[in-house]
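The structure under discussion appears below in the form of structure tokens.
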Amino acid sequence: MTAVNRTCVLFLPDSPRSVRTKGQLLLGSEWEDAIEAFLLGQAAAGIAATSRKSRRQHLGHLARNVFEGPWAVTTDDIAGYMASMNWAQETRRGRRNTFEAFYAWAVKTGRTTVNPASDIAKVRPTDPRPRPVPDSIYLAALARADDDERLWIDLAAEHGLRRAEVAVMHSDDIVPTMLGYDLIVHGKGAKVREVPLTRAMSEALLARVERDGRGYLFRGDDEGHVSPWWVGKRVARLLSPPWTMHKLRHRAATRFYAAAEGDAYVVADLMGWANINMVKVYVYLPNDRKRAIVEGASRVGAPLARV
């Protein structure tokens, strides 16, 4: 049998039923069956649909870029595949975590005896570099946006929602309170939080419900609602590179922090973070105090005691 060059990486369009490959090996039934079984277990454990969808994509891409069935894949196969990809650090970290979870499940369920991903070095989180979208970029995007896009932008920039959270908003998620309206937000990991809506946003969303009837607020072909990917793409196009919808969340967190006078706990609650350290990742801390110190220490600033 002719040997397969295992260092070659094959890039093909994402398609869960594709069977074309160099050497006649791609995403065949063995991979498909394994991925479906893994995701079934994830669903049984309460893993959110958005997370399962991401893991399906991660595993499908791996399957289409290695020349082995799932139980013949080695640590070197995964390392070579990951090394060949020009991914951002957080993307690389998420993929490695998916592969480790998949093979850990396979070992526990007796499908294989080894976890080839466990020996891939863990990818460190990126250093905190908050980059809130500047007001000039934010306001210019609003001016160019259509009705849907303006809502998406402000749900991210003024309420801290992720694109996936915006996409699945339902009329039932708008709830009256003694002070106005709150939005029940369906976040990552099936976590739910309540975010107060500004008066302008609550009026706009309720008007949409009045116009379209009850159901998803932004309807589309992704199980009845618009695709999170499409929401992010359209907002990013309005903001223009390097700004993205995710950076609007940085803006929201930064403004929440300032309005809360540095109360990190309320910011974490509004943003849907279990780990308060996420404040460091998203919040661009005010530097006016540091600036005053530097200016005061300058030779042209306030006179200092001789040292």
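For the sequence shown, our numbering begins at 1031 and goes up steadily by one. Ideal Cβ positions, reconstructed from N, Cα and C, are used throughout, including at glycine.
Backbone secondary structure at residue i - three-state DSSP
| i | result |
| --- | --- |
| Val1225 | strand |
| Val1103 | coil |
| Asp1251 | strand |
| Tyr1133 | helix |
| Asn1116 | coil |
| Lys1083 | helix |
| Ile1108 | helix |
| Ile1065 | helix |
| Ile1150 | coil |
| Leu1056 | For Leu1056, the predicted model reports a pLDDT of 48, less than 50, meaning its position is unreliable; a value from the coordinates is still stated below. Three-state result, Leu1056: coil. |
| Glu1195 | helix |
| Asp1184 | helix |
| Glu1098 | coil |
| Arg1122 | helix |
Test: residue i CB closer than 9 Å to a CB of chain C
| i | result |
| --- | --- |
| Val1198 | Here there is only one protein chain, and chain C is not present. |
Assigned exposure category for residue i - 16 Cβ within 10 Å defines buried
| i | result |
| --- | --- |
| Val1330 | exposed |
| Tyr1312 | buried |
| Leu1070 | exposed |
| Lys1138 | exposed |
| Pro1164 | exposed |
| Arg1094 | buried |
| Leu1235 | buried |
| Ile1204 | buried |
| Pro1271 | exposed |
Among the options, the one whose alpha carbon lies nearest that of residue i
| i | options | result |
| --- | --- | --- |
| Lys1218 | Thr1139, Thr1207, Ala1194 | Ala1194 |
| Trp1273 | Ala1186, His1088, Gly1090 | Ala1186 |
| Ala1131 | Ser1081, Gly1110, Val1198 | Ser1081 |
| Thr1207 | Leu1300, Lys1320, Arg1229, Ser1059 | Arg1229 |
| Lys1310 | Gly1210, Gly1292, Asn1145 | Gly1292 |
| Ala1175 | Ala1290, Val1265, Val1239 | Val1265 |
| Asp1202 | Asn1307, Thr1142, Arg1238, Asp1177 | Arg1238 |
| His1200 | Gln1087, Leu1209, Ser1232, Ala1064 | Ser1232 |
Per DSSP, the bridge partner or partners of residue i
| i | result |
| --- | --- |
| Leu1213 | Ile1204, Val1225 |
| Tyr1246 | His1200 |
Query raised in the report: What are the uninterrupted segments assigned as beta strand (DSSP E) that are 3 or more residues long and contained completely in the stretch 1243 to 1323, given in chain order?
Result: 1249 to 1252
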